[in-house]
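Trainee: Just so we're aligned, residue 119 is where the sequence shown starts under this note's numbering, counting upward by one.
Backbone N, C-alpha and C fix where the C-beta goes; we use that ideal spot for every residue, glycine too.
Keep in mind it's a predicted model, so treat the numbers as computed, not measured.
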Amino acid sequence: MAIMSVSGLVSGLDTRELITELMKLERRPLQRLETQQQLLQAKKEAWQEINTALYALRNTTASLRERSLYIQNSVSSTDEEAVTATATAAAEEREYRIEVSFMAQSHVIASDSAKMITADADADQNTALNLTGTLMISVSPGEVLEIAVAEEDSLKSIAEKINSAEESAVSAALIDNRLVLEAKESGLENVISISSTGSGEENELAQALGFLAEDGELKNELQEARNACFSVNGLEVERASNTVSDLVEGLTFTLKKEGASATVSVKGDHERIIEKIKTFIKQYNAANELIRAKTEMNLEERSRGILYGEGSAVRIRSTMRSMVTGRVSGIEGSLNSLAAIGITTVKWGELETEGNLTLDEDKLRELLAENPQAVAELFRGEDGVARRLESYLWELTRASDGLIAVQRSSAERQIRSLNTQKESWERRLKQREAQLERQFWPWKRRWVR
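1) Put V101 into one of helix, strand or coil per three-state DSSP.
2) Out of curiosity, what's the CA-to-CA distance linking A232 and G328?
3) Between the segment 520-531 and the segment 488-507, are three or more C-beta pairs nearer than 8 angstroms?
4) Run through the DSSP bridge pairs and tell me what S80 is partnered with.
5) Taking DSSP's pairing of strands, which residues face Y214 in a bridge?
6) Let me know the secondary structure DSSP gives L369 once reduced to three states.
7) Counting Cβ pairs, one atom from each stretch, are 3 or more of them under 8 angstroms apart for the segment 508-528 and the segment 210-222?
8) Determine whether the beta carbon atoms of R445 and S455 lie at a separation below 8 angstroms.
9) Do you know how far the Cα of N321 is from the Cα of S313?
10) If we count the other Cβ atoms within 10 Å of its Cβ and call it buried at 16 or more, is A504 buried or exposed?
11) Give the DSSP-derived three-state secondary structure of D238 in the structure shown.
12) Using the Cα positions of I276 and G316, report the straight-line distance between them to the nearest angstrom.
13) Whole alpha helix (DSSP H) runs in the segment 480-560 with 4 or more residues, listed along the chain?
14) With distance defined between alpha-carbon atoms, name the residue in L306, V201, E261 nearest to Q223.
15) Give the secondary structure of R296 by DSSP, where H, G and I count as helix, E and B as strand, and everything else as coil.
16) By DSSP, does V262 sit in helix, in strand, or in coil?
17) Among E278, L187, A160, which residue has its Cα nearest to the Cα of E389?
18) Quick one: give me the first and last residue of the beta strand (DSSP E) that V432 is part of.
19) Given 8 angstroms as the limit, is there contact between the segment 351-364 and the segment 147-162, that is, 3 or more CB pairs closer than that?
20) According to DSSP, simplified to helix, strand and coil, what is L136?
21) Quick check: the Cα distance between T252 and I310, rounded to an integer number of angstroms?
22) Would you check if the segment 294-302 and the segment 193-205 touch, i.e. whether three or more CB-CB distances between them fall below 8 angstroms?
23) Within the present structure, is the beta-carbon of S258 separated from the nearest heavy atom of the ligand ATP by less than 7 angstroms?
24) According to the neighbour-count rule (16 or more other Cβ atoms, all chains shown, within 10 Å of its Cβ), is E508 buried or exposed?
25) Here's the rule I'm using: 16 or more other beta-carbon atoms within 10 Å means buried, otherwise exposed. How should N416 be labelled?
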(Lines of atoms letter the chains of each structure in order from A; the text may use other names.)
(Lines give C-alpha, C1' and ligand atoms only; values in the text may rest on other atoms or scores of the structure.)
Protein backbone atom coordinates (compact mmCIF):
# COMPACT_ATOMS: atom_id res chain seq x y z
CA MET A 119 0.00 0.00 0.00
CA ALA A 120 1.34 3.47 -0.92
CA ILE A 121 1.46 5.36 2.34
CA MET A 122 2.03 8.82 0.81
CA SER A 123 -1.08 8.56 -1.31
CA VAL A 124 -3.14 7.85 1.80
CA SER A 125 -1.66 10.61 3.91
CA GLY A 126 -3.16 13.35 1.83
CA LEU A 127 -6.62 11.89 2.24
CA VAL A 128 -6.65 11.41 5.97
CA SER A 129 -6.16 14.88 7.33
CA GLY A 130 -6.97 14.89 11.02
CA LEU A 131 -7.00 11.08 11.31
CA ASP A 132 -5.15 9.47 14.25
CA THR A 133 -2.07 7.83 12.71
CA ARG A 134 -2.07 5.07 15.37
CA GLU A 135 -5.60 4.11 14.40
CA LEU A 136 -4.62 4.06 10.76
CA ILE A 137 -1.62 1.82 11.41
CA THR A 138 -3.82 -0.53 13.45
CA GLU A 139 -6.30 -0.84 10.58
CA LEU A 140 -3.52 -1.43 8.08
CA MET A 141 -2.02 -4.15 10.31
CA LYS A 142 -5.38 -5.93 10.44
CA LEU A 143 -5.12 -6.36 6.68
CA GLU A 144 -1.53 -7.51 7.02
CA ARG A 145 -2.52 -10.13 9.65
CA ARG A 146 -5.06 -11.95 7.49
CA PRO A 147 -2.57 -14.59 6.23
CA LEU A 148 -1.56 -15.26 9.86
CA GLN A 149 -5.20 -15.66 10.86
CA ARG A 150 -5.66 -18.19 8.07
CA LEU A 151 -2.71 -20.16 9.44
CA GLU A 152 -4.25 -20.11 12.94
CA THR A 153 -7.57 -21.34 11.54
CA GLN A 154 -5.80 -24.19 9.75
CA GLN A 155 -3.94 -25.06 12.95
CA GLN A 156 -7.14 -25.12 15.01
CA LEU A 157 -8.74 -27.39 12.42
CA LEU A 158 -5.79 -29.78 12.51
CA GLN A 159 -5.81 -29.81 16.31
CA ALA A 160 -9.52 -30.63 16.29
CA LYS A 161 -8.91 -33.46 13.80
CA LYS A 162 -6.08 -34.82 15.93
CA GLU A 163 -8.34 -34.83 19.01
CA ALA A 164 -11.12 -36.49 17.00
CA TRP A 165 -8.76 -39.28 15.97
CA GLN A 166 -7.74 -39.71 19.61
CA GLU A 167 -11.40 -40.05 20.64
CA ILE A 168 -11.90 -42.69 17.97
CA ASN A 169 -8.74 -44.50 19.06
CA THR A 170 -9.94 -44.62 22.68
CA ALA A 171 -13.32 -46.03 21.65
CA LEU A 172 -11.81 -48.63 19.32
CA TYR A 173 -9.17 -49.65 21.89
CA ALA A 174 -11.90 -50.43 24.44
CA LEU A 175 -13.81 -52.36 21.79
CA ARG A 176 -10.64 -54.26 20.87
CA ASN A 177 -10.11 -55.45 24.45
CA THR A 178 -13.70 -56.65 24.78
CA THR A 179 -13.52 -58.32 21.38
CA ALA A 180 -10.36 -60.14 22.46
CA SER A 181 -12.13 -61.47 25.57
CA LEU A 182 -14.85 -62.93 23.33
CA ARG A 183 -12.21 -65.28 21.95
CA GLU A 184 -11.47 -66.86 25.34
CA ARG A 185 -12.54 -70.50 25.38
CA SER A 186 -13.39 -70.51 29.09
CA LEU A 187 -16.04 -67.83 28.54
CA TYR A 188 -18.30 -70.28 26.72
CA ILE A 189 -17.95 -73.30 28.97
CA GLN A 190 -18.70 -72.00 32.45
CA ASN A 191 -20.90 -74.11 34.71
CA SER A 192 -23.05 -73.24 37.69
CA VAL A 193 -23.73 -75.69 40.51
CA SER A 194 -26.61 -75.79 42.96
CA SER A 195 -27.46 -78.05 45.89
CA THR A 196 -30.89 -78.75 47.32
CA ASP A 197 -29.34 -78.73 50.81
CA GLU A 198 -26.10 -76.80 51.17
CA GLU A 199 -25.87 -77.76 54.85
CA ALA A 200 -25.45 -81.36 53.69
CA VAL A 201 -23.47 -81.16 50.44
CA THR A 202 -22.00 -78.41 48.29
CA ALA A 203 -20.07 -78.64 45.03
CA THR A 204 -18.01 -76.65 42.56
CA ALA A 205 -17.62 -77.31 38.85
CA THR A 206 -15.08 -76.62 36.13
CA ALA A 207 -15.76 -76.36 32.43
CA ALA A 208 -15.21 -80.13 32.08
CA ALA A 209 -18.30 -81.02 34.14
CA GLU A 210 -21.32 -82.34 32.26
CA GLU A 211 -24.77 -80.87 32.75
CA ARG A 212 -26.65 -83.35 34.93
CA GLU A 213 -27.87 -84.10 38.48
CA TYR A 214 -26.20 -86.13 41.24
CA ARG A 215 -28.03 -87.55 44.26
CA ILE A 216 -25.65 -87.57 47.25
CA GLU A 217 -26.41 -89.48 50.48
CA VAL A 218 -23.89 -89.07 53.31
CA SER A 219 -23.58 -91.96 55.77
CA PHE A 220 -20.37 -90.96 57.58
CA MET A 221 -18.10 -87.95 57.42
CA ALA A 222 -14.35 -88.41 57.19
CA GLN A 223 -12.55 -87.37 60.35
CA SER A 224 -8.99 -86.85 61.52
CA HIS A 225 -7.21 -88.86 64.17
CA VAL A 226 -6.96 -86.96 67.48
CA ILE A 227 -5.00 -87.94 70.59
CA ALA A 228 -4.12 -86.11 73.81
CA SER A 229 -1.63 -86.11 76.67
CA ASP A 230 -2.50 -86.19 80.33
CA SER A 231 -3.08 -82.87 82.04
CA ALA A 232 -0.15 -80.85 83.36
CA LYS A 233 -1.35 -81.65 86.91
CA MET A 234 -1.22 -85.41 86.29
CA ILE A 235 2.15 -85.26 84.55
CA THR A 236 3.84 -83.22 87.30
CA ALA A 237 1.74 -84.41 90.27
CA ASP A 238 1.34 -80.70 91.06
CA ALA A 239 -2.19 -79.46 91.71
CA ASP A 240 -1.18 -75.95 90.63
CA ALA A 241 0.50 -76.96 87.35
CA ASP A 242 -0.77 -75.61 84.03
CA GLN A 243 0.32 -75.54 80.39
CA ASN A 244 3.23 -73.21 81.22
CA THR A 245 4.68 -75.36 84.03
CA ALA A 246 8.08 -76.97 83.41
CA LEU A 247 7.59 -80.74 83.17
CA ASN A 248 11.11 -81.82 84.26
CA LEU A 249 11.15 -84.47 81.52
CA THR A 250 13.81 -85.20 78.91
CA GLY A 251 14.01 -87.26 75.76
CA THR A 252 12.84 -87.19 72.17
CA LEU A 253 9.23 -87.52 71.07
CA MET A 254 8.81 -89.26 67.70
CA ILE A 255 5.52 -88.46 65.99
CA SER A 256 4.36 -89.74 62.61
CA VAL A 257 1.19 -90.05 60.60
CA SER A 258 1.24 -93.25 58.59
CA PRO A 259 2.81 -93.58 56.16
CA GLY A 260 4.62 -90.26 56.58
CA GLU A 261 8.00 -89.24 57.91
CA VAL A 262 8.80 -89.23 61.61
CA LEU A 263 8.88 -85.85 63.37
CA GLU A 264 11.42 -85.74 66.20
CA ILE A 265 10.81 -83.26 69.03
CA ALA A 266 13.57 -82.80 71.60
CA VAL A 267 12.19 -82.28 75.12
CA ALA A 268 14.30 -80.65 77.86
CA GLU A 269 13.63 -80.36 81.60
CA GLU A 270 12.45 -76.75 81.30
CA ASP A 271 9.93 -77.55 78.54
CA SER A 272 6.22 -77.21 79.27
CA LEU A 273 3.20 -78.48 77.35
CA LYS A 274 3.03 -75.07 75.69
CA SER A 275 6.65 -75.08 74.51
CA ILE A 276 6.31 -78.64 73.20
CA ALA A 277 3.21 -77.56 71.24
CA GLU A 278 5.15 -74.63 69.79
CA LYS A 279 7.97 -76.94 68.67
CA ILE A 280 5.50 -79.24 66.92
CA ASN A 281 3.65 -76.44 65.15
CA SER A 282 6.83 -74.69 64.00
CA ALA A 283 8.22 -77.82 62.36
CA GLU A 284 7.73 -77.56 58.58
CA GLU A 285 7.52 -81.33 58.12
CA SER A 286 4.91 -81.82 60.83
CA ALA A 287 1.87 -83.88 59.75
CA VAL A 288 0.02 -83.02 62.96
CA SER A 289 -1.16 -79.81 64.56
CA ALA A 290 -0.85 -79.22 68.29
CA ALA A 291 -3.32 -77.39 70.50
CA LEU A 292 -3.63 -76.77 74.23
CA ILE A 293 -7.05 -77.57 75.67
CA ASP A 294 -7.73 -77.60 79.40
CA ASN A 295 -3.98 -77.81 80.13
CA ARG A 296 -3.59 -80.88 77.92
CA LEU A 297 -1.61 -81.22 74.70
CA VAL A 298 -3.92 -82.30 71.87
CA LEU A 299 -2.49 -83.63 68.60
CA GLU A 300 -4.61 -83.85 65.44
CA ALA A 301 -3.60 -85.31 62.08
CA LYS A 302 -3.69 -82.64 59.40
CA GLU A 303 -5.24 -85.08 56.93
CA SER A 304 -8.39 -87.08 57.60
CA GLY A 305 -9.04 -90.73 56.73
CA LEU A 306 -8.15 -94.21 57.89
CA GLU A 307 -4.67 -94.04 56.40
CA ASN A 308 -3.71 -91.00 58.48
CA VAL A 309 -3.29 -92.51 61.94
CA ILE A 310 -1.00 -90.84 64.48
CA SER A 311 1.81 -92.95 65.90
CA ILE A 312 3.88 -91.71 68.83
CA SER A 313 6.91 -93.07 70.63
CA SER A 314 9.95 -91.74 72.44
CA THR A 315 13.57 -92.35 73.25
CA GLY A 316 15.74 -91.18 76.11
CA SER A 317 18.03 -92.25 78.88
CA GLY A 318 15.33 -94.37 80.49
CA GLU A 319 13.16 -97.19 79.24
CA GLU A 320 11.62 -97.26 75.77
CA ASN A 321 8.68 -94.86 75.41
CA GLU A 322 9.23 -93.58 78.93
CA LEU A 323 8.74 -89.95 77.84
CA ALA A 324 5.58 -90.71 75.80
CA GLN A 325 4.14 -92.60 78.76
CA ALA A 326 5.10 -89.86 81.21
CA LEU A 327 3.25 -87.32 79.05
CA GLY A 328 0.22 -89.59 78.97
CA PHE A 329 0.19 -90.25 75.24
CA LEU A 330 0.87 -93.96 75.74
CA ALA A 331 -0.31 -96.41 78.34
CA GLU A 332 2.05 -98.89 79.97
CA ASP A 333 1.19 -101.50 77.34
CA GLY A 334 2.31 -99.14 74.57
CA GLU A 335 -1.20 -98.43 73.30
CA LEU A 336 -2.64 -94.94 72.96
CA LYS A 337 -3.91 -93.76 76.31
CA ASN A 338 -6.06 -90.78 75.32
CA GLU A 339 -7.57 -91.30 71.85
CA LEU A 340 -10.16 -88.54 71.50
CA GLN A 341 -11.26 -89.30 67.92
CA GLU A 342 -10.48 -92.23 65.68
CA ALA A 343 -9.47 -91.78 62.06
CA ARG A 344 -12.31 -92.49 59.64
CA ASN A 345 -13.09 -92.35 55.94
CA ALA A 346 -16.14 -90.67 54.49
CA CYS A 347 -18.83 -93.10 53.38
CA PHE A 348 -21.47 -91.84 50.97
CA SER A 349 -23.31 -92.75 47.79
CA VAL A 350 -23.62 -90.96 44.45
CA ASN A 351 -26.68 -91.89 42.43
CA GLY A 352 -26.82 -95.15 44.39
CA LEU A 353 -23.14 -96.05 44.01
CA GLU A 354 -21.42 -96.57 47.39
CA VAL A 355 -18.21 -94.58 47.70
CA GLU A 356 -15.49 -94.27 50.36
CA ARG A 357 -12.90 -91.50 50.49
CA ALA A 358 -10.34 -90.26 53.02
CA SER A 359 -11.51 -86.64 52.79
CA ASN A 360 -14.81 -84.82 52.93
CA THR A 361 -13.70 -82.89 49.85
CA VAL A 362 -13.90 -85.25 46.89
CA SER A 363 -12.58 -84.19 43.48
CA ASP A 364 -11.67 -87.52 41.87
CA LEU A 365 -15.16 -88.98 41.55
CA VAL A 366 -16.77 -87.07 38.66
CA GLU A 367 -14.70 -85.20 36.07
CA GLY A 368 -14.89 -81.47 36.60
CA LEU A 369 -16.79 -81.71 39.90
CA THR A 370 -15.66 -81.32 43.50
CA PHE A 371 -18.09 -82.38 46.22
CA THR A 372 -17.84 -81.20 49.82
CA LEU A 373 -19.62 -83.35 52.40
CA LYS A 374 -20.89 -81.37 55.38
CA LYS A 375 -23.41 -83.39 57.36
CA GLU A 376 -23.79 -87.04 58.30
CA GLY A 377 -27.09 -88.79 57.70
CA ALA A 378 -28.16 -86.12 55.21
CA SER A 379 -28.72 -86.06 51.48
CA ALA A 380 -28.91 -83.51 48.67
CA THR A 381 -29.20 -83.31 44.91
CA VAL A 382 -26.40 -81.44 43.17
CA SER A 383 -27.28 -79.97 39.77
CA VAL A 384 -24.77 -78.83 37.15
CA LYS A 385 -26.00 -76.42 34.51
CA GLY A 386 -24.33 -74.24 31.92
CA ASP A 387 -23.75 -70.70 33.20
CA HIS A 388 -24.40 -68.38 30.27
CA GLU A 389 -24.68 -65.11 32.19
CA ARG A 390 -21.02 -64.20 31.71
CA ILE A 391 -21.11 -64.63 27.94
CA ILE A 392 -24.40 -62.72 27.67
CA GLU A 393 -23.01 -59.82 29.70
CA LYS A 394 -19.80 -59.85 27.66
CA ILE A 395 -21.79 -59.74 24.41
CA LYS A 396 -23.87 -56.86 25.78
CA THR A 397 -20.66 -54.98 26.59
CA PHE A 398 -19.36 -55.72 23.10
CA ILE A 399 -22.55 -54.35 21.52
CA LYS A 400 -22.49 -51.24 23.71
CA GLN A 401 -18.88 -50.45 22.83
CA TYR A 402 -19.39 -51.22 19.15
CA ASN A 403 -22.37 -48.86 19.02
CA ALA A 404 -20.45 -46.14 20.86
CA ALA A 405 -17.62 -46.37 18.31
CA ASN A 406 -20.06 -46.47 15.40
CA GLU A 407 -21.94 -43.38 16.59
CA LEU A 408 -18.72 -41.50 17.33
CA ILE A 409 -17.25 -42.11 13.87
CA ARG A 410 -20.57 -41.26 12.25
CA ALA A 411 -20.75 -37.95 14.12
CA LYS A 412 -17.18 -37.09 13.13
CA THR A 413 -17.52 -37.94 9.44
CA GLU A 414 -21.05 -37.12 8.29
CA MET A 415 -23.02 -33.99 7.52
CA ASN A 416 -25.89 -33.01 9.81
CA LEU A 417 -28.54 -31.59 7.49
CA GLU A 418 -30.78 -30.44 10.33
CA GLU A 419 -28.05 -28.40 12.00
CA ARG A 420 -26.38 -27.56 8.68
CA SER A 421 -23.04 -28.69 10.04
CA ARG A 422 -20.55 -31.40 9.27
CA GLY A 423 -18.22 -33.53 11.33
CA ILE A 424 -14.63 -32.52 11.84
CA LEU A 425 -13.48 -35.55 9.79
CA TYR A 426 -15.99 -35.00 7.01
CA GLY A 427 -14.42 -36.10 3.74
CA GLU A 428 -11.72 -38.17 5.50
CA GLY A 429 -11.94 -41.43 3.57
CA SER A 430 -9.88 -43.39 6.10
CA ALA A 431 -12.34 -42.61 8.90
CA VAL A 432 -15.36 -43.47 6.76
CA ARG A 433 -13.77 -46.79 5.76
CA ILE A 434 -13.26 -47.78 9.40
CA ARG A 435 -16.99 -47.64 10.03
CA SER A 436 -17.93 -49.49 6.86
CA THR A 437 -15.27 -52.18 7.40
CA MET A 438 -16.41 -52.79 10.97
CA ARG A 439 -19.99 -53.11 9.78
CA SER A 440 -19.09 -55.67 7.13
CA MET A 441 -17.14 -57.70 9.69
CA VAL A 442 -20.03 -57.97 12.14
CA THR A 443 -22.72 -58.54 9.53
CA GLY A 444 -20.88 -60.92 7.22
CA ARG A 445 -21.08 -64.69 7.37
CA VAL A 446 -18.37 -66.71 9.07
CA SER A 447 -16.71 -69.20 6.75
CA GLY A 448 -16.03 -72.77 7.80
CA ILE A 449 -19.22 -73.16 9.84
CA GLU A 450 -21.76 -75.74 8.72
CA GLY A 451 -25.42 -75.06 9.30
CA SER A 452 -27.36 -71.86 9.77
CA LEU A 453 -25.52 -70.45 12.81
CA ASN A 454 -22.89 -68.72 10.68
CA SER A 455 -23.64 -65.05 11.39
CA LEU A 456 -24.40 -62.80 14.34
CA ALA A 457 -27.90 -62.30 12.97
CA ALA A 458 -28.50 -66.04 13.41
CA ILE A 459 -28.00 -65.72 17.19
CA GLY A 460 -30.04 -62.55 17.61
CA ILE A 461 -27.51 -59.77 16.94
CA THR A 462 -28.63 -57.56 14.07
CA THR A 463 -27.88 -54.06 12.77
CA VAL A 464 -30.07 -50.98 12.61
CA LYS A 465 -30.86 -50.23 8.97
CA TRP A 466 -28.95 -47.49 7.20
CA GLY A 467 -30.86 -44.23 7.23
CA GLU A 468 -32.13 -44.65 10.80
CA LEU A 469 -30.74 -41.31 11.96
CA GLU A 470 -28.20 -41.45 14.82
CA THR A 471 -28.37 -45.22 15.42
CA GLU A 472 -27.68 -46.16 11.82
CA GLY A 473 -25.43 -49.22 11.72
CA ASN A 474 -25.73 -49.93 15.47
CA LEU A 475 -26.09 -53.49 16.76
CA THR A 476 -29.21 -54.70 18.58
CA LEU A 477 -29.66 -57.87 20.63
CA ASP A 478 -32.55 -60.32 20.86
CA GLU A 479 -31.56 -61.64 24.29
CA ASP A 480 -34.22 -64.36 24.41
CA LYS A 481 -32.98 -65.82 21.14
CA LEU A 482 -29.36 -65.72 22.32
CA ARG A 483 -30.22 -67.46 25.59
CA GLU A 484 -32.11 -70.16 23.75
CA LEU A 485 -29.20 -70.88 21.42
CA LEU A 486 -26.67 -70.87 24.26
CA ALA A 487 -28.76 -73.46 26.08
CA GLU A 488 -29.11 -75.60 22.97
CA ASN A 489 -25.68 -75.28 21.38
CA PRO A 490 -23.11 -73.16 23.25
CA GLN A 491 -20.30 -74.59 21.13
CA ALA A 492 -21.86 -73.16 17.96
CA VAL A 493 -22.04 -69.70 19.55
CA ALA A 494 -18.41 -70.03 20.64
CA GLU A 495 -17.34 -71.03 17.13
CA LEU A 496 -19.15 -68.04 15.66
CA PHE A 497 -17.04 -65.67 17.76
CA ARG A 498 -13.73 -67.47 18.21
CA GLY A 499 -13.41 -69.76 15.17
CA GLU A 500 -10.66 -69.33 12.56
CA ASP A 501 -12.83 -66.81 10.71
CA GLY A 502 -14.88 -65.91 13.79
CA VAL A 503 -16.32 -62.44 14.25
CA ALA A 504 -14.21 -61.71 17.33
CA ARG A 505 -11.04 -63.04 15.74
CA ARG A 506 -11.26 -61.00 12.53
CA LEU A 507 -12.56 -57.84 14.22
CA GLU A 508 -9.87 -57.91 16.89
CA SER A 509 -7.21 -58.30 14.21
CA TYR A 510 -8.59 -55.29 12.31
CA LEU A 511 -8.87 -53.16 15.46
CA TRP A 512 -5.29 -54.05 16.34
CA GLU A 513 -4.15 -52.70 12.97
CA LEU A 514 -6.02 -49.48 13.68
CA THR A 515 -4.95 -48.86 17.28
CA ARG A 516 -1.32 -49.97 17.36
CA ALA A 517 0.51 -47.27 19.30
CA SER A 518 3.46 -46.80 16.96
CA ASP A 519 2.29 -47.52 13.44
CA GLY A 520 -1.46 -48.13 13.56
CA LEU A 521 -3.64 -46.27 11.08
CA ILE A 522 -4.90 -43.88 13.74
CA ALA A 523 -1.40 -43.24 15.10
CA VAL A 524 -0.31 -42.38 11.55
CA GLN A 525 -3.20 -39.94 11.17
CA ARG A 526 -2.39 -38.25 14.47
CA SER A 527 1.31 -38.05 13.61
CA SER A 528 0.46 -36.46 10.28
CA ALA A 529 -1.68 -33.83 12.01
CA GLU A 530 1.10 -33.16 14.54
CA ARG A 531 3.66 -32.63 11.75
CA GLN A 532 1.35 -30.19 9.98
CA ILE A 533 0.70 -28.34 13.25
CA ARG A 534 4.45 -28.00 13.84
CA SER A 535 4.92 -26.74 10.28
CA LEU A 536 2.18 -24.16 10.78
CA ASN A 537 3.79 -23.07 14.05
CA THR A 538 7.01 -22.39 12.15
CA GLN A 539 5.11 -20.40 9.53
CA LYS A 540 3.26 -18.46 12.24
CA GLU A 541 6.52 -17.52 13.95
CA SER A 542 7.89 -16.30 10.63
CA TRP A 543 4.76 -14.23 10.00
CA GLU A 544 4.91 -12.74 13.49
CA ARG A 545 8.45 -11.51 12.83
CA ARG A 546 7.44 -10.07 9.45
CA LEU A 547 4.42 -8.31 10.96
CA LYS A 548 6.55 -6.69 13.65
CA GLN A 549 8.90 -5.44 10.98
CA ARG A 550 6.00 -4.17 8.87
CA GLU A 551 4.46 -2.33 11.81
CA ALA A 552 7.80 -0.67 12.57
CA GLN A 553 8.08 0.31 8.92
CA LEU A 554 4.64 1.96 9.01
CA GLU A 555 5.59 3.82 12.17
CA ARG A 556 8.66 5.24 10.42
CA GLN A 557 6.69 6.19 7.30
CA PHE A 558 4.01 8.01 9.26
CA TRP A 559 6.36 9.77 11.69
CA PRO A 560 7.26 12.80 9.46
CA TRP A 561 3.63 13.23 8.49
CA LYS A 562 2.59 13.04 12.14
CA ARG A 563 5.16 15.68 13.18
CA ARG A 564 3.88 18.07 10.51
CA TRP A 565 0.33 17.85 11.82
CA VAL A 566 1.46 18.22 15.41
CA ARG A 567 3.09 21.57 14.52
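Mentor: With the given structure in hand:
1) Limits of the chain in this structure are 119 at one end and 567 at the other, which puts residue 101 out of reach.
2) Within the sequence shown, numbered from 1, the residue matching residue 232 stands at position 114. Within the sequence shown, numbered from 1, the residue matching residue 328 stands at position 210. Cα to Cα, A232 sits roughly 10 angstroms from G328.
3) no
4) This structure cannot settle anything about residue 80, because the visible part of the chain is limited to 119 through 567.
5) Counting from 1 along the sequence shown, the entry for residue 214 is found at position 96. According to DSSP, Y214 bridges with V382.
6) Along the sequence shown, read from residue 1 onward, the residue named residue 369 stands at position 251. Of the three classes helix, strand and coil, the one that applies to L369 here is strand, per DSSP.
7) no
8) Against the sequence shown, residue 445 aligns to sequence position 327. Against the sequence shown, residue 455 aligns to sequence position 337. Yes; because the gap between Cβ atoms is below 8 angstroms, this pair is in contact.
9) As a position in the sequence shown, residue 313 is number 195, starting the count at 1. As a position in the sequence shown, residue 321 is number 203, starting the count at 1. Taking the straight line from one Cα to the other gives about 5 angstroms.
10) Translated into positions along the sequence shown, residue 504 becomes position 386. Counting Cβ neighbours within 10 Å, A504 comes out buried, since at least 16 surround it.
11) The residue given as residue 238 occupies position 120 in the sequence shown. Correct three-state label for D238: coil.
12) On the sequence shown, position 158 is the one that residue 276 refers to. On the sequence shown, position 198 is the one that residue 316 refers to. Taking the straight line joining both Cα atoms gives about 16 angstroms.
13) 490-498, 503-515
14) As a position in the sequence shown, residue 223 is number 105, starting the count at 1. Among L306, V201, E261, the Cα nearest to that of Q223 belongs to L306.
15) For the purposes of this step, residue 296 is taken as residue 178 along the sequence shown, with counting starting at 1. Strand at R296.
16) On the sequence shown, residue 262 is found 144 positions in, with the first residue counted as 1. Correct three-state label for V262: coil.
17) In the sequence shown, counting from the first residue as 1, residue 389 sits at position 271. For the residues E278, L187, A160, the minimum Cα distance to E389 belongs to L187.
18) In the sequence shown, the residue the question calls residue 432 occupies position 314. Annotation for V432: no beta strand (DSSP E) segment contains it, though the alpha helix (DSSP H) segment containing it runs 429-443.
19) no
20) The count along the sequence shown starts at 1 and reaches residue 136 at position 18. DSSP places L136 in helix when its eight states are reduced to three.
21) For the purposes of this step, residue 252 is identified with residue 134 of the sequence shown, where counting begins at 1. For the purposes of this step, residue 310 is identified with residue 192 of the sequence shown, where counting begins at 1. Approximately 16 angstroms, taken between the alpha carbons.
22) no
23) Annotation note on the ligand ATP: not contained in the displayed structure, which lists no ligands.
24) For this step, residue 508 is matched to residue 390 along the sequence shown. Under this definition E508 is a buried residue.
25) One-based indexing of the sequence shown puts residue 416 at position 298. Exposed is the call here.
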